[in-house]
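Below you'll find the structure, written out as structure tokens, and then a few comments.
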Amino acid sequence: MADSGRRGTQLAEQPPPEAVQADAVGPGARRRASRAAAADQRPQRVAWTVAGAVGFWGVMQLFWPAPLGVWVQGMVIGGLTALIAFGIALVYRANRIVNFAAGDMGAAPAALAVLLIVGPGWPYFVAMPVGILVGLALGAVVELCFIRRFFRSPRLILTVATIGVSQLLMGVGLILPSLFDMRIPPQSFPSPFDFSLSIHPIIFRGNDVLAMVVIPVVIVGLAAFFRYTSVGIAVRASADSTDRAFLVGIPVKRIQMIVWVLAAGLATVALILRAGIVGLPIGSVLGPAVLLRALAAAVIGRMQNLPVIFVAAVALGVVEQSIIWHTGRGLLVAPILFGTVLVALLLQRRGQTARAEEASAWQAAAEARPVPRELRDLPPVRTAFRALAGGLAVLLLILPALVPESRTNLFAVVFLFAIIGVSLVVLTGWAGQVSLGQFAFVGVGAAVAGALTTRVGLDLGVAVILAGFAGAAVAVLIGIPALRIRGFYLAVTTLAFALAASHYFLNRAFFDWWLPEGRVTRGAVFGLVAVESETRYYYLCLAGLLLALAAARGLRRSRAGRVMIAIRENERAAQAYGVNATRTKLAAFALSGFLAAFAGALYVHHQQVFGTFDAERSIFVFTMVVIGGLTSIPGALLGATFVFFVQWVLPPAFRFLSTGVGMLLILMLFPAGLGGLMYQLRDAYLRVVANRAGIHVPSLVADRRQDDPPPDIAIDEVAAAGGTAAPAGHGPTPASIALDAGVAGNGAGRRRPGHRDREAQP
């Protein structure tokens, strides 16, 4: 039996025959074999490529037929978008984050180059290299000052930091024209050379032709850099496995700086060339202008396959230009991009995701610790917390009597945005799924509730509840495709949905038949409570916030809430215990969508008009929650209060604190947000109470060793006391226990460690 076991072990340890044969023939033969296998698959790839191209041409001719010149124009614009998408993919592979500042890193240098051409009159081929050099330097500055600061932070915090960097660079881009005595960036400038190419019905001038030449040159240079240079190979190695790259001696931080410099340079080249074709973007690039197209192409290429990313970007550019040519407006581009992202996620299989991508999870900041049990029932703690809660409740109840009616209206808005913040805490802070389109769910709830009360004449209370269920259903539909693969695709999907909702689904030009009509009046709630006045609606919004808080708190204390946190921290470990991760995440989507739509239903009746629900408001809401703290409900409330306090009370010079710039500053000072600072102050008070009461709380004083003797009793004093003395109020120390156990007058009482005294046995 032993011999058979050993033989089985030896057989199990032997490599398969294929591996033995491959090792025997050597590395050169293995390379030749891999090339032969690739050559065998080449005809199949060519066939699939031709079939895809023919299918794409047929779909375009069926829905949005356009002349050849429009297709060429779309290919040029799509090629420029592909350069930005390459930067997004490179940063993703290096840091495992979605860089939402990818477009803005190139926007400011491109604006500088254009302003140098139009203002002082610099030559094109002088201003363009200056802009590119500034872009490369800007990429290094962003990585060194911001990205490296969050190197050890969770990927979620680092991605959120890129949103703050995006808005910071947007501000820089808005300031630049004033330095050249201009109000806005110029939208046209002279062509570098007098040359034109006519492809009906488009005339391509010098800027277009230059883009046609530069795009393939940049792509070939990028491919050669990664294939033949040692730095490019190191970038690929560190992207595949950062820890393994550390072990083999690759300077990962330096390599990541090179990646950010490359990403900024690609974005700068793309936006300089794009400026000569369609003009510079005014304001942030985060939106339908550039970034969403690049994100969609990167998602289709799974952030890994650069050729697929390029083809996807070019195809999306053709679709965009064909739609604009065929319909005369670009409002349909956003929903088509959204549908493209959904289809791309649905067609991808779970098993295709790389291991490194699976290992990088959206983990938020550390959970806030509850009040320790040792201190929970002490009078100073219980009285202080009850007094604080009671004082806050009294203030909220009497607030309408202290402020004018206009301020009462504004405080009701704070309550509604706090509900939206709670919905983001559930989805992002607890479930670890980032939503950058939360205000779109607010818009869905506003549309449904407003339509039910204005068109159907339904009761306000019933309409608000039905709107919440509608938001939950839409949130589940949006979440299903993003759950098919791991990674950060939900943020891109929800951002695309936010743009599609604001441009198409919530646009009266397309769906006027189901959106609220006229003035949205406030009826009685369940036919019992009238809420026409601002004061009564204030109390209705306060009651809605309390219900949302109760629901979220009940979820967090339940088994479902604990499972949600476990999946966020380690999904594979949770699945090993039989947890259904997909079902739990979809439940988080549903509750988050319900709360957001619930707030939207109250919001549309608060405003009494159906307004706009654009993607920028979604970014604002996400910023608000990050400022407060993503993992705690008090943090969401604190974030909403802080943002509106800054906007309404502080002077205009301090209003930047409520934007992404303020969020970036707060994250650098307090990684857990203002909510984390609040919990730190609470823990400091609890330490004072514990010290005064003489209670040792390990969770509050983690650096104190409990097995050390008290400082006021020396070991020799304990020995002199026979090993039994202990300070007043304390039990026997470890030193006294050791002396009692092993010290006797002649040493006869010594015992071996772990030996039980027979006389002490019962």
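According to our numbering, the sequence shown is numbered sequentially starting from 247.
Beta carbons: idealized from backbone N, C-alpha and C, even for Gly.
These figures come from a predicted structure and were not determined experimentally.
Within 8 Å, strictly: CB atoms of residue i and residue j
i      : j      : result
Gly320 : Gln567 : yes
Val871 : Leu670 : yes
Ala580 : Ala746 : yes
Thr295 : Gly563 : no
Tyr823 : Leu577 : no
Val559 : Ala331 : One point to set straight first is that residue 559 is Ala, not Val, in the sequence displayed. Their beta carbons are under 8 Å apart, which means Ala559 touches Ala331 by this criterion.
Phe890 : Val660 : yes
Ala789 : Ile666 : no
Leu723 : Leu712 : no
Val536 : Ile546 : no
Val668 : Ala794 : yes
Val316 : Ile449 : no
Arg394 : Lys499 : yes
Host beta strand (DSSP E) of residue i (start-end)
i      : result
Phe450 : Ile448 to Phe450
Beta-bridge pairing of residue i - partner residues as DSSP gives them
i      : result
Ser444 : Ile449
Val771 : Val775
Where the alpha helix (DSSP H) containing residue i begins and where it ends
i      : result
Tyr823 : First-last for Tyr823: undefined, no H or E at that position.
Thr887 : Ile879 to Trp894
His572 : Leu552 to Thr573
Val360 : Asp350 to Val364
Cys787 : Glu780 to Arg803
Tyr735 : Tyr735 to Ala746
Leu420 : Arg401 to Leu425
Pro581 : Val579 to Leu593
Met428 : Taken as a continuous stretch (DSSP letters only), Met428 belongs to no alpha helix (DSSP H), as it is neither H nor E.
Ser669 : Glu651 to Leu670
Asp929 : Gly919 to Ala939
Arg863 : Ala861 to Gly874
Trp317 : Leu314 to Asn341
Glu620 : Arg619 to Arg622
Pro626 : Pro625 to Leu648
Trp676 : Careful: Trp676 lies outside any alpha helix (DSSP H) and carries neither H nor E.
Gln684 : Gln684 to Ala697
Exposure of residue i, with buried meaning 16 or more beta-carbon neighbours within 10 Å
i       : result
Asp949  : Confidence in Asp949 is poor, its pLDDT being 44 and thus under 50, which makes the residue's placement unreliable; the coordinate value appears in the next sentence. The residue in question, Asp949, is exposed, as its Cβ has fewer than 16 Cβ neighbours within 10 Å.
Gly773  : exposed
Asp758  : exposed
Asp454  : buried
Asn341  : buried
Leu621  : buried
Thr905  : buried
Cys391  : exposed
Asp350  : buried
Ala635  : exposed
Thr700  : buried
Asp269  : Only weak support exists for where Asp269 lies, its pLDDT of 44 falling under 50; the value from the coordinates is given anyway. The residue is exposed, with fewer than 16 neighbouring Cβ atoms inside 10 Å.
Ser424  : exposed
Ala470  : exposed
Ile430  : exposed
Ala845  : buried
Arg339  : buried
Arg805  : exposed
Gln502  : buried
Phe743  : buried
Ile644  : exposed
His1009 : Examination of residue 1009 is not possible in this model, given that the chain is present from 247 through 1008 alone.
Tyr735  : buried
Gln433  : exposed
Ala1009 : This structure cannot speak to residue 1009, because the chain is shown only from 247 to 1008.
Tyr474  : exposed
Trp676  : buried
Arg211  : In this structure the chain extends from 247 to 1008, so residue 211 is not present and cannot be described.
Contact belief for residue i with residue j at Cβ below 8 Å, rounded distance in angstroms
i      : j      : result
Leu512 : Leu583 : Not really, about 21 Å apart at Cβ, beyond 8 Å.
Ser748 : Asp860 : 4 Å
Leu832 : Leu741 : Leu832 to Leu741, Cβ: 20 Å. No contact.
Ala407 : Ala540 : Not a contact, Cβ separation roughly 19 Å.
Ile461 : Gly333 : Not really, about 14 Å apart at Cβ, beyond 8 Å.
Pro355 : Val322 : With 8 Å as the limit, Pro355 and Val322 do not qualify as a contact, their Cβ atoms being about 21 Å apart.
Leu946 : Pro618 : 6 Å
Thr405 : Val505 : Actually they do not touch by this definition, with Cβ atoms about 15 Å apart.
Ala847 : Ala709 : 6 Å
Distance cut-off 7 Å: residue i Cβ against heavy atoms of the ligand PLP
i      : result
Ile393 : As for the ligand PLP, it is missing from this structure, which has no ligand bound.
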